[in-house]
Each structure stands twice: as C-alpha cells, then as structure tokens.
Amino acid sequence: MNRLVLFTYIILSSIVSFNLTAQNVPTVNYGSTEVLADDIKVFPNPTTDYFQINNSLSVKKVIIYNMFGKEVKIFNSSSNTVYDVTDLKYGMYIVKMLDDKNRTVKSVKLQKTSIGA
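Position one of the sequence shown corresponds to residue 313 (the working numbering), numbered consecutively onward.
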C-alpha cells in the first residue's frame, strides 16, 4: 500500500511540476506563428568571431553588453544575420534581443574565446 501511495505521489507531483513549468515559458508572436523564447538560440556559443540567432524572425535589434552592463555593440537584425564580434575582447557578454517595439525577446550569455581555447 505504501508503495502505491508513493508512486501516485511521484506521478502527480511530476504532472503538476510540468504544468507549472510549461505555463511560465515566455512566447513570442509574429504573424500567425508563436515561438517559445526557449527555442531562440545563439550559436556558436562559445564563439571566436561571430554568432547567429536561430528562430530570429521576431528579433529586430541585438544589443551586446559587457559584464559591467556597458553597451558595446548594436546590430539591426533580420533573418540569417551573422553578427561579427571579432573586435570584442575575450570574455563573457550578454546578448539582448529586442522585437520591433523594443521589448526584450530574450537575453543570453555569450562567451567570446580565442581560437583553440
């Protein structure tokens, strides 16, 4: 009997946990399609000289900040844009993606490394 109660508890708690997690994932609307913000990825990461963003149809501007919060680069975005970061020093940066109304779509950490690191 105790095993059945424990099994039921585990199943129910995982269902409740999944439902809460799924409801809190931000979405981005463009046109008739809705994209989860989690589906927007920056790659390659870490990078040596450039990066791209997949599922970037809703992203209209990309701002790069250093870890002190200082804005270091701004790009206008379109589909299949390649973002050149060769002039940035090695280290960690924040990539902030904005939509056409300057609302934050997503922010991610980007590691800039040297070749072969």
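Cβ atoms here follow ideal geometry from the backbone N, Cα and C, with glycine treated the same way.
Beta-carbon proximity list for residue i, same chain, < 8 angstroms, skipping 5 on both sides
{"i": "P358", "result": "L422, Q423, K424, T425 and A429"}
{"i": "L419", "result": "According to the sequence as given, residue 419 is Ser; it is not Leu. Taken in chain order, the residues that qualify are I406, V407, K408 and M409."}
Close-in-space but distant-in-sequence residues of the same chain around residue i (CB under 6 angstroms, 5 per side omitted)
{"i": "Y377", "result": "E383 and I406"}
Beta-carbon proximity check, residue i vs residue j, cutoff 7 angstroms
{"i": "N367", "j": "I352", "result": "yes"}
{"i": "M409", "j": "V374", "result": "yes"}
{"i": "D396", "j": "Y362", "result": "yes"}
Spatially closest choice to residue i from the options, by CA coordinates
{"i": "D399", "options": "T360, A349, G381 and K418", "result": "T360"}
{"i": "L348", "options": "L369, F363 and N414", "result": "L369"}
{"i": "Y402", "options": "I365, D350, I427 and Q364", "result": "I427"}
{"i": "N414", "options": "S391, K372, N392 and V420", "result": "K372"}
Assigned exposure category for residue i - 16 Cβ within 10 Å defines buried
{"i": "V417", "result": "buried"}
{"i": "F380", "result": "exposed"}
{"i": "V394", "result": "exposed"}
{"i": "F355", "result": "exposed"}
{"i": "S389", "result": "buried"}
{"i": "S344", "result": "With a pLDDT of 40 at S344, under the threshold of 50, the predicted position of this residue should be treated as unreliable, and no value is reported."}
7 angstroms Cβ shell around residue i - same chain, five flanking residues per side excluded
{"i": "S391", "result": "S368 and L369"}
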